[in-house]
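Visitor:
Residue numbers (my numbering), protein chains in the order written: chain A, 2 to 319; chain B, 2 to 319.
This is how it looks when you write it as structure tokens:
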């Protein structure tokens, strides 16, 4: 009888769903904040993002189903034993993150961050010209579930969309033009909006350099709703202060939380949100995570195929 | 030879367009701020919003083409003589105002106004649950060009749209359900977003009362991108302070500019923009105004049919 350790705050209906998928298993329910150290060496299956530091390559652990999309911390040496399968929650965050990204895109295009600042001073001030999403060239860097949803929404509002992904491949619906990451610089030159949804991997570390921001239009808007490692605070501050781009919005920073003394906080043309585009800010995100976990639990126990398996080499979904 | 008095800041290409439409006319070019009093009693045709106080029912004036959608001030007694035709610029503001309205909708759904405030204090604070436009019931009150464009964009993002207009009629594409203004109260009860685009007429004066806000969901978002007369500052402040609705965004106020001592400025869950959703904030707006003016000039001179004629009784387009 396998032990399934759940490390998520569940309601009764979630438990029912998992138990229906894991018939014959013993379920141990815990949630973030609980003391779980004694339970870990007994769990064959874990559902939820147990802190990586607590995972010491336990040999009995067969499957770790994360509740996050990001999996980089779990692919580091010594966290999981060689035989442990690792699956993430890709797909659960698509709607919430893509809608957040669209919201900040329009907000910056319409100068609404400046109007909010102005309102706080009781000032009736006109900030002049605005931009239109219709006809804007929107580059979507990182074309997973989140990026693709964002591209489709932007296109539905009249944008021209360029998707950028590591490997080429077939152009998905909602993407007008598909480019490879090694063509990124050319794409940046043409984009009115650069929306980045890259995961936190070695390959994406400080991927955006000064050279990249120099290549962008001075009128461009840059968004990072992926991971904070993609651009350093220094580079981003430089690009905004130099006017290499017009405005930016970041939901992720390096480090997180962003230190109170970071100069980024004070930049008028930067919008900062504290890593809230995902999380459980939309109820459906959590429901989808449970659906993914139940599906993988059932598949694993019956020898079926797992979805969302993480490749330890790349940190991406296989 | 008719005299066409233009009261708009034109570039050469705009003049060429108008002159091609008004062949044989004498064009007098002025712009807001210029002294025009001596010119007014000679103009058979005026293009542009000459201040209504300057128009004293001049008998020679045959056609006044406004550059605004709003025409209420020009329908007051003593402004235009009985025979003068009045046309407005409906259609020119559709994209800019509807996009602004969509931007503030998403901004409030994602708490971005609160995150901006928090950023200004260098605070990394999570404001909890957000709303999704997908699946939201969006009531669009005032279903002209602007409202219809807004409805179509909201629907493209997954919203369920209810259009509200004075008279019923055929349900336009992009509107899931069409209701008459006398059914407004029922619609308000069901809406997650109430987006109002009503013109400033006698009928719309303080149309939204406390009773209307009481009918709305406590979680509802209210937008006014029409005219400030639709809701008094007192009623709106009351609705927000009482929690009758969750948040609001107004681009129009009563009066304008909003006085510096208005308590509205200080409301956290209200976003105020200073009547900037329209105007010439998008370049294409101005181009469309010139196109409308040229089309009506040509039509008037050749005895053809005018577009955008204003009905003096209702203040609406005929």
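Don't be surprised by glycine CBs; every beta carbon is placed ideally from N, CA and C.
Residue 139 of chain A and residue 196 of chain A look like a contact to me (Cβ under 8 Å); what is the Cβ gap, rounded to whole Å?
Guide: If you number the first chain from 1, residue 139 of chain A lands on position 138. If you number the first chain from 1, residue 196 of chain A lands on position 195. So it is a contact: roughly 6 Å between Cβ atoms.
Visitor: So does the stretch 35–52 of chain B actually touch the stretch 61–77 of chain B, counting three or more Cβ pairs closer than 8 Å?
Guide: With the cut-off at 8 Å, the stretch 35–52 of chain B and the stretch 61–77 of chain B touch.
Visitor: Return the CA-CA distance between residue 262 of chain A and residue 179 of chain B, expressed in angstroms with no decimal places.
Guide: Working through the first chain from its first residue, we reach residue 262 of chain A at position 261. Working through the second chain from its first residue, we reach residue 179 of chain B at position 178. In a straight line, the C-alpha of residue 262 of chain A is about 52 Å away from that of residue 179 of chain B.
Visitor: Run the CB neighbour count on residue 13 of chain A, radius 10 Å, all protein chains shown included, and call it buried at 16 or more, exposed below.
Guide: As a position in the first chain, residue 13 of chain A is number 12, starting the count at 1. By the neighbour-count rule (16 or more Cβ atoms within 10 Å), residue 13 of chain A is not buried but exposed.
Visitor: Taking all protein chains shown into account, do 16 or more other C-beta atoms lie within 10 angstroms of the C-beta of residue 244 of chain A, making it buried, or fewer, making it exposed?
Guide: One-based indexing of the first chain puts residue 244 of chain A at position 243. Answer is exposed; the Cβ neighbour count stays below 16.
Visitor: Does the beta-carbon distance from residue 234 of chain A to residue 207 of chain A come in below 8 Å?
Guide: Residue numbering aside, residue 234 of chain A sits at position 233 when the first chain is read from its first letter. Residue numbering aside, residue 207 of chain A sits at position 206 when the first chain is read from its first letter. Not a contact, by the Cβ cut-off of 8 Å.
Visitor: I'd like the list of long-range same chain contacts for residue 220 of chain A, defined as Cβ closer than 6 Å, with 5 residues on each side in sequence excluded.
Guide: For this step, residue 220 of chain A is matched to residue 219 along the first chain. Around residue 220 of chain A: 247.
Visitor: Classify residue 249 of chain B as helix, strand or coil using the three-state DSSP reduction.
Guide: Along the second chain, one-based indexing puts residue 249 of chain B at 248. It is a strand residue.
Visitor: Near residue 29 of chain B, which residues of its chain fall below 8 Å by C-beta distance, leaving aside the five closest residues on each side in sequence?
Guide: Translated into positions along the second chain, residue 29 of chain B becomes position 28. So the list reads 4, 5, 6, 7, 40, 44, once near-sequence residues are dropped.
Visitor: Classify residue 211 of chain A as helix, strand or coil using the three-state DSSP reduction.
Guide: For the purposes of this step, residue 211 of chain A is identified with residue 210 of the first chain, where counting begins at 1. The answer is helix: DSSP assigns residue 211 of chain A an H, G or I state.
Visitor: Report the neighbours of residue 251 of chain A on chain B: residues whose CB is nearer than 7 Å to its CB, in chain order.
Guide: Here residue 251 of chain A refers to the residue found at position 250 of the first chain. Under the 7 Å cutoff, chain B gives no residues; its nearest Cβ is about 10 Å from residue 251 of chain A.
Visitor: Within 10 angstroms of the Cβ of residue 110 of chain B, are there 16 or more other Cβ atoms? Answer buried if so, exposed if not.
Guide: The residue labelled residue 110 of chain B in the question sits at position 109 within the second chain. Flag for residue 110 of chain B reads buried.
Visitor: Which one of B/145, B/165, B/136, B/171 has the shortest CA to CA distance from residue 156 of chain B?
Guide: For this step, residue 156 of chain B is matched to residue 155 along the second chain. It is B/136 whose Cα lies nearest to the Cα of residue 156 of chain B.
Visitor: Have a look at residue 270 of chain B and residue 249 of chain B and give me their C-alpha separation to the nearest angstrom.
Guide: Translated into the one-based positions of the second chain, residue 270 of chain B becomes position 269. Translated into the one-based positions of the second chain, residue 249 of chain B becomes position 248. Looking at the two C-alpha atoms, the distance is approximately 6 Å.
Visitor: Using the beta-carbon of each residue, which ones in chain A are nearer than 9 Å to residue 130 of chain B?
Guide: Working through the second chain from its first residue, we reach residue 130 of chain B at position 129. Going along chain A in sequence order, the residues near residue 130 of chain B (Cβ under 9 Å) are 281, 282, 283, 284.
Visitor: Looking at chain A, which residues of the stretch 207–239 of chain B have a Cβ within less than 9 Å of any of its Cβ atoms?
Guide: Answer set for the stretch 207–239 of chain B: empty.
Visitor: Say yes only if the C-beta of residue 64 of chain B is nearer than 7 Å to one or more non-hydrogen atoms of the ligand SAM, and no if none qualify.
Guide: As presented, the structure is devoid of all ligands, the ligand SAM included, so that no description of it is given.
Visitor: State yes or no: is the beta carbon of residue 273 of chain A nearer than 8 Å to at least one beta carbon in chain B?
Guide: Translated into the one-based positions of the first chain, residue 273 of chain A becomes position 272. Yes - at least one Cβ of chain B is within 8 Å of the one on residue 273 of chain A.
Visitor: DSSP beta-bridge partners for residue 77 of chain A?
Guide: In the first chain, counting from the first residue as 1, residue 77 of chain A sits at position 76. In DSSP, residue 77 of chain A forms no bridge with anything.
Visitor: Taking only the alpha-carbon atoms, compute the straight-line gap between residue 95 of chain A and residue 295 of chain A and give it to the nearest angstrom.
Guide: Counted from its first residue, the first chain places residue 95 of chain A at position 94. Counted from its first residue, the first chain places residue 295 of chain A at position 294. Going from the Cα of residue 95 of chain A to the Cα of residue 295 of chain A covers about 19 Å.
Visitor: Short check: CB of residue 251 of chain B to CB of residue 225 of chain B, under 8 Å?
Guide: Start at 1 with the first residue of the second chain, and residue 251 of chain B comes out as number 250. Start at 1 with the first residue of the second chain, and residue 225 of chain B comes out as number 224. Result yes, Cβ atoms of residue 251 of chain B and residue 225 of chain B sit closer than 8 Å.
Visitor: DSSP three-state label for residue 281 of chain B, please.
Guide: The residue given as residue 281 of chain B occupies position 280 in the second chain. Correct three-state label for residue 281 of chain B: coil.
Visitor: Can you grab the Cα-Cα spacing for the pair residue 127 of chain A / residue 274 of chain B, in whole Å?
Guide: Numbered from 1 along the first chain, position 126 holds the residue referred to as residue 127 of chain A. Numbered from 1 along the second chain, position 273 holds the residue referred to as residue 274 of chain B. Each residue's alpha carbon lies about 8 Å from the other.
Visitor: Taking contact to mean 3 or more Cβ pairs, one atom from each stretch, closer than 8 Å, check whether the stretch 162–170 of chain B and the stretch 180–195 of chain B are in contact.
Guide: With a cut-off of 8 Å, the stretch 180–195 of chain B and the stretch 162–170 of chain B count as touching, because enough Cβ pairs lie within range.
Visitor: State the DSSP-derived secondary structure class of residue 293 of chain A, mapped to helix, strand or coil.
Guide: Counting from one through the first chain, the residue named residue 293 of chain A turns up at place 292. Correct three-state label for residue 293 of chain A: helix.
Visitor: Compute the Euclidean distance between the alpha carbons of residue 118 of chain B and residue 25 of chain B, then round it to the nearest angstrom.
Guide: The residue you call residue 118 of chain B lines up with position 117 of the second chain. The residue you call residue 25 of chain B lines up with position 24 of the second chain. Each residue's alpha carbon lies about 58 Å from the other.
Visitor: Rounded to a whole number of angstroms, what is the C-alpha to C-alpha distance between residue 99 of chain A and residue 22 of chain B?
Guide: Your numbering for residue 99 of chain A matches position 98 in the first chain. Your numbering for residue 22 of chain B matches position 21 in the second chain. Using only the alpha carbons, I get a separation of about 46 Å.
Visitor: Taking Cβ-Cβ distances below 7 Å as the criterion, which residues of the stretch 252–265 of chain B are in contact with chain A?
Guide: Cβ contacts with chain A come from 258, 259, 261.
Visitor: Alpha carbon to alpha carbon, how far is residue 102 of chain A from residue 309 of chain A? Give it in angstroms, no decimals.
Guide: Start at 1 with the first residue of the first chain, and residue 309 of chain A comes out as number 308. Start at 1 with the first residue of the first chain, and residue 102 of chain A comes out as number 101. Cα-Cα distance, rounded: 23 Å.
Visitor: Residues of chain A with a CB under 7 Å from the CB of residue 70 of chain B: which are they?
Guide: Position 69 of the second chain, counted from the start, is the residue given in the question as residue 70 of chain B. Chain A residues near residue 70 of chain B: none, gap ~18 Å exceeds 7 Å.
Visitor: Out of curiosity, what's the CA-to-CA distance linking residue 292 of chain B and residue 92 of chain B?
Guide: Numbered from 1 along the second chain, position 291 holds the residue referred to as residue 292 of chain B. Numbered from 1 along the second chain, position 91 holds the residue referred to as residue 92 of chain B. Their backbone Cα atoms lie some 11 Å apart in a straight line.
Visitor: Assuming residue 205 of chain B and residue 228 of chain B make a contact with CB atoms under 8 Å, what is their CB distance in whole Å?
Guide: As a first step, residue 205 of chain B is located in the second chain; it is residue number 204 there, counting from the start. As a first step, residue 228 of chain B is located in the second chain; it is residue number 227 there, counting from the start. With a Cβ gap of about 7 Å, residue 205 of chain B and residue 228 of chain B count as contacting.
Visitor: According to the neighbour-count rule (16 or more other Cβ atoms, all chains shown, within 10 Å of its Cβ), is residue 193 of chain A buried or exposed?
Guide: As a working note, residue 193 of chain A is residue 192 in the first chain. The residue is buried, with at least 16 neighbouring Cβ atoms inside 10 Å.
Visitor: In three-state terms, what does DSSP make of residue 315 of chain A?
Guide: Locating residue 315 of chain A in the first chain gives position 314, counting from the first residue. Three-state result, residue 315 of chain A: coil.
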